[in-house]
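All residue numbers in the sequence shown are consecutive under our numbering, ending with 137.
The beta carbon of each residue, even a glycine, is placed where N, CA and C say it ideally should be.
Here the structure is laid out as structure tokens; the discussion comes afterwards.
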Amino acid sequence: MHDFMIPPVDALITPWGPIWLSQDGIIVNLGSKSSQSKEDVAEYLSYIRKAGGGQPRSVLIEISRIRSASKEVRDEYNRQNMEGLVTALALVTHSGIAKMIGNLIIGISTAKVPTKLFTDPLKAREWLLQYKVN
């Protein structure tokens with residue numbers, strides 16, 4: 004595992020795995036839940052907001068454990084104001100199921116946030132750095 008993917012001691016411990024702001028200003032989440040409910044979305048985004056110190060940030064989410072993303076959850080993410088919270092979103096996975104779900108999420112998203120699926124966290128990090136807000 005790459006150093007930037009190892010949670011620091013001050014990472015937020017959440018139902019969706021550890022979330023933290025990396026040294027290069029990217030929020031990282033090692034996802035641990037296989038799914039979310041519509042009601043989970045606002046709480047999850049509050050952790051992203053807290054990790055980013057209230058500033059819009061690039062976000063890298065490791066999604067290999069995701070097994071489903073219901074239409075109501077996808078709709079709820081689309082309904083949220085992601086543009087004021089996330090500058091770009093990289094989804095990282097090695098799982099075939101998570102790749103299909105990630106591509107589905109990207110394909111139907113109405114958010115204006117650049118989003119891309121990766122199998123290599125280093126390439127995801129490199130891509131996100133171009134969207135970093137100083």
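Exercise for review: Since I believe V31 is in contact with I66 (beta carbons under 8 Å), could you give me their beta-carbon distance rounded to a whole number of angstroms?
Suggested key: Actually they do not touch by this definition, with Cβ atoms about 12 Å apart.
Check your understanding: Quick one: what does DSSP say S38 is sitting in, helix, strand or coil?
Key -> coil
Practice item. Name the two residues that bound the continuous beta strand (DSSP E) containing P117. Key: Segment: none, P117 is in no beta strand (DSSP E) and carries neither H nor E.
Check your understanding: Among residues of its own chain, excluding the 5 on either side of I29, which ones have a beta-carbon nearer than 6 Å to its beta-carbon?
Key -> S61, L63, L131
Exercise for review: Please determine, among M103, H97, E75, the residue with the shortest C-alpha to C-alpha distance to A127.
Suggested key: H97
Review point. Taking Cβ to Cβ, would you say F7 is nearer than 9 Å to S25?
Key: yes
Check your understanding: If we call anything under 9 Å between Cβ atoms a contact, is E79 one with V116?
Key -> no
Exercise for review: Please classify G56: does DSSP put it in a helix, a strand, or coil?
Suggested key: coil
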